[in-house]
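Asker: Structure below; questions to follow.
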Amino acid sequence: MAETLTSRPTLAEADAHQAHAHIDADTNTGISNTKLGMWLFLASECLLFGGLITTYLLYKRPLEGPTPDEIFDIPFTSTSSFVLLMSSLTMVLAVSAIERGEHQRMRVWIGATAALGATFIAGQIYEFTVFVREGLGFTTSRFSSAFYTLTGFHGIHVTIGIIMLVSLVLLSLRGKIPEHKAETVEIVGLYWHFVDVVWVVIFAVVYLIPS
Amino acid sequence: MTITSHDNVPTTVLDGAVKDYSRDKVYVLTAIFLAVLTIIEVFTYAAPDFPVWADELLIPVLMILMAVKFFTIIYVFMHLKFDKPILTRIFYMGLVLAVLVYIAMLSTFRIWFDGQHG
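The listed protein sequences correspond, in order, to chains L and V. Under this note's numbering, residues 1 to 211 are what the first sequence spells out, in order. Under this note's numbering, residues 1001 to 1118 are what the second sequence spells out, in order.
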């Protein structure tokens, strides 16, 4: 009996042999249904954004109206990209904090992530406003339609992410995210990182590759 | 050997497990690495005649930088490197399917031949 107890590794022992702590869920795969569902959702999102990026590539040479090279403000968009990239760091630090049971620190990092996301969205609204003032409306050209649809869809995803982050903070303040529910933060984090990854592609393909 | 979420693990043991090492430093270093790659990307715009990416090399260089950033984020920040392999397979299933479908679509529209698409 004693041998049975001692041969079973504690979480600490198992964790020490892994680069990252992941407690197995009580399912066939050892992964919680929620987490599996999120990864399946993200895989399907690849198809959504792939379609939007492909459409943009097909229509990026406008027959009328301003061209991408004329209208894009690369230094401004680079700053926005940097802000979103850093939000991934604050998000992963929030996940790390809740895994250690540091609730206050987790809330600070999540708040920072939401603030950085909101800054990105504010930048996108400003960018769209400038473009419209310069004559690039949604129906100005096939390029403008494809551009606004792609970046707008991404912006909606970021906004949904911000809503989820704020909800997390509120739930945490009510004490509804104990350590054993740290996976909730991790799942929201997965969504947020994916939104960042999509922007990495959009920034390179849409903004940096010359038309 | 598998530990499930139903196991009763003393909090003190859990605390000890996570205090032994910190991944935060890895995350900060990864973010710095990503920031450097972003600066290089922006530099391709600021200095388009730089020999490393002059002329036809610009798009391949940007694609490589983008891919490195993409996989760094999904492997480190999204923990794919440390998680169960089935999650990697699920994500790659969607990613590869998307890439193949849209390469086929772009080929249908002859985007690889300058001036012949649209």
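We put the CB at the ideal spot given by N, CA and C, even for glycine.
Whether or not the region 1064-1078 of chain V and the region 1022-1031 of chain V are in contact is what I'm after, with contact meaning three or more pairs of Cβ atoms, one per stretch, closer than 8 angstroms; do they touch?
Answerer: With a cut-off of 8 angstroms, the region 1064-1078 of chain V and the region 1022-1031 of chain V count as touching, because enough Cβ pairs lie within range.
Asker: Please confirm if the region 60-75 of chain L is in contact with the region 154-166 of chain L, defined as three or more CB-CB distances below 8 angstroms between the two stretches.
Answerer: no
Asker: By the criterion of Cβ-Cβ separation under 7 angstroms, what are the contact partners of L/L93 in chain V?
Answerer: D1024 and Y1027
Asker: So with CB distances below 8 angstroms, who are the chain L contacts of V/I1073?
Answerer: Correct list: S88, H193, D196, V197 and V200.
Asker: Please return the same chain residues whose Cβ sits closer than 8 angstroms to the Cβ of L/V185, not counting the five positions on each side in sequence.
Answerer: Cβ neighbours of L/V185 within its own chain (closer than 8 angstroms, five residues either side excluded): A94, V95, I98, M106, I110, L168 and I177.
Asker: Is there a Cβ of chain L sitting closer than 8 angstroms to that of V/L1057, yes or no?
Answerer: no
Asker: Using the beta-carbon of each residue, which ones in chain L are nearer than 8 angstroms to V/I1111?
Answerer: L57 and L58
Asker: Buried or exposed: where does V/G1094 fall if 16 or more other Cβ atoms within 10 Å of its Cβ makes it buried?
Answerer: buried
Asker: Suppose you measure from the CA of L/G152 to the CA of V/V1068; what does that come to, to the nearest Å?
Answerer: 25 angstroms
Asker: Take L/G189 and list the residues in its own chain whose beta-carbon comes closer than 6 angstroms to its own, dropping the five residues that flank it on each side.
Answerer: M91 and V95
Asker: Return no unless some Cβ of chain L is closer than 8 angstroms to the Cβ of V/F1070.
Answerer: yes
Asker: Does any C-beta atom of chain V lie closer than 8 angstroms to the C-beta of L/F138?
Answerer: no
Asker: Check whether the Cβ of V/V1042 lies closer than 8 angstroms to any Cβ atom in chain L.
Answerer: Answer yes: the Cβ-Cβ gap between V/V1042 and chain L drops below 8 angstroms somewhere.
Asker: Given that V/A1054 touches chain L, what residues does it touch there, using C-beta distances under 9 angstroms?
Answerer: Neighbours of V/A1054 on chain L: none; closest Cβ ~13 angstroms, over 9 angstroms.
Asker: What in chain V is Cβ-close to L/T29, meaning under 8 angstroms?
Answerer: K1084 and I1086
Asker: Checking contacts by CB at 8 angstroms: is L/T54 closer than that to chain V?
Answerer: yes
Asker: Applying the 10 Å Cβ sphere with the 16-neighbour rule, what's the burial state of V/P1051?
Answerer: By the Cβ neighbour-count rule, V/P1051 is exposed, with fewer than 16 other Cβ atoms within 10 Å of its own.
Asker: Hey, does V/F1050 have any beta-carbon neighbour from chain L nearer than 8 angstroms?
Answerer: no
Asker: What residues in its chain sit with their C-beta under 8 angstroms from that of L/L42, if we drop five residues either side in the sequence?
Answerer: L190, Y191 and F194
Asker: According to DSSP, is V/W1053 part of a helix, a strand, or is it coil?
Answerer: helix
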